[in-house]
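Residue numbers (this note's numbering): 1 to 190. The beta carbon of each residue, even a glycine, is placed where N, CA and C say it ideally should be. A short worksheet on the structure shown next.
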Amino acid sequence: MTRSPEMAAFLDASRDALRSSCTGAPLAAAERVISRLSYMGVARPGVDRLPVCDWIASALSRVQPERAPLGRAFGALEGQLRWRRRASASESEHPFWNGHANAVILGPGGLEDRLDLWIGATVMAPGVRYVDHDHAPEEVYLSLTPGEWWNSAMDWTDPGPAGCIYNPPGIAHAMRSGDGPFLALWYLPL
Ligand SMILES: [Fe+2]
Numbered sequence: 001m002t003r004s005p006e007m008a009a010f011l012d013a014s015r016d017a018l019r020s021s022c023t024g025a026p027l028a029a030a031e032r033v034i035s036r037l038s039y040m041g042v043a044r045p046g047v048d049r050l051p052v053c054d055w056i057a058s059a060l061s062r063v064q065p066e067r068a069p070l071g072r073a074f075g076a077l078e079g080q081l082r083w084r085r086r087a088s089a090s091e092s093e094h095p096f097w098n099g100h101a102n103a104v105i106l107g108p109g110g111l112e113d114r115l116d117l118w119i120g121a122t123v124m125a126p127g128v129r130y131v132d133h134d135h136a137p138e139e140v141y142l143s144l145t146p147g148e149w150w151n152s153a154m155d156w157t158d159p160g161p162a163g164c165i166y167n168p169p170g171i172a173h174a175m176r177s178g179d180g181p182f183l184a185l186w187y188l189p190l
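This is the structure we're talking about:
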């Protein structure tokens, strides 16, 4: 089996963006993800969309030059993804329920199903705060739009189009959009 051209181009752009945006612990985590990309998981095609996905086109039109190759590559792939709400989301919390979606690209339940890493995307409407959460694997985020991240060791921070956010293993963390839509990619070695 071989990857689709869209997936292959997205992973190449991810590798380049991670290496140019990260240093230290986040770069080490990114390299753990990159080192696993030569192995291919099981392709599981299937598309799901949510109304909040209508913000993706607007978000992609705002990608800054530093992230343009990654934005283009993600834009070519995103129509193939299964976008879902976070499993813990409650319909009674309207802004979050209606205002976010996640898609696993590589990883458990993803377009390429596998157990050794997670690569995925989150889209949020303007003015939405993602719920606090934590997980055992460390995590690197790359933003495609302005947005802010928080963790229990860091105040709210916008990493900008040339930076990254790193969450050490197990730390409580969250993110939020501002006046515009939010689109970001996450990379976790499992
Ligand atoms: Fe996370």
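query: What is the DSSP secondary structure of M154, reduced to helix, strand or coil?; result: strand
query: Compute every distance between the C-beta of W150 and the non-hydrogen atoms of ligand 1, then say whether any falls below 7 Å.; result: no
query: Which residues in the same chain have their Cβ closer than 7 Å to the Cβ of S21, if we skip the five residues on either side of it in sequence?; result: L142, A162, G163, C164
query: Using the Cα positions of A103 and F182, report the straight-line distance between them to the nearest angstrom.; result: 14 Å
query: What would DSSP say about A174, mapped onto helix, strand or coil?; result: strand
query: Residues in its own chain within less than 6 Å of G41 by CB, not counting five upstream and five downstream?; result: E112, D113, R114
query: Does at least one heavy atom of ligand 1 sit under 7 Å from the Cβ of E139?; result: yes
query: Within 10 Å of its beta-carbon, does M124 have 16 or more other beta-carbons around it, so buried, or fewer, so exposed?; result: buried
query: Tell me whether N167, by its Cβ, gets closer than 7 Å to a heavy atom of ligand 1.; result: yes
query: Consider the C-beta atom of H135 and the heavy atoms of ligand 1; say whether any pair is separated by less than 7 Å.; result: yes
query: So, do the segment 60-70 and the segment 36-50 have three or more beta carbon pairs nearer to each other than 8 Å?; result: no
query: Sort G110, A73, L50 by Cα distance to A101 and report the nearest one.; result: L50
query: Count the other CB atoms, across all protein chains shown, that sit within 10 Å of the CB of H94; report buried if there are 16 or more and exposed otherwise.; result: exposed
query: Using the Cβ count rule (16 or more neighbours within 10 Å means buried), how would you classify P189?; result: buried
query: Enumerate, from N- to C-terminal direction, the unbroken beta strand (DSSP E) stretches of 3 or more residues contained entirely within the segment 92-117.; result: 100-106
query: How about S61: is its C-beta nearer than 8 Å to some C-beta of chain D?; result: This model lacks chain D altogether; it includes just one protein chain.
query: Starting from V33, follow the alpha helix (DSSP H) in both directions and report where the run begins and ends.; result: 24-35
query: With a threshold of 7 Å, establish whether the CB of E173 neighbours any heavy atom of ligand 1.; result: At residue 173 the sequence reads His, which differs from the Glu that was named. Indeed, a heavy atom of ligand 1 lies less than 7 Å from the Cβ.
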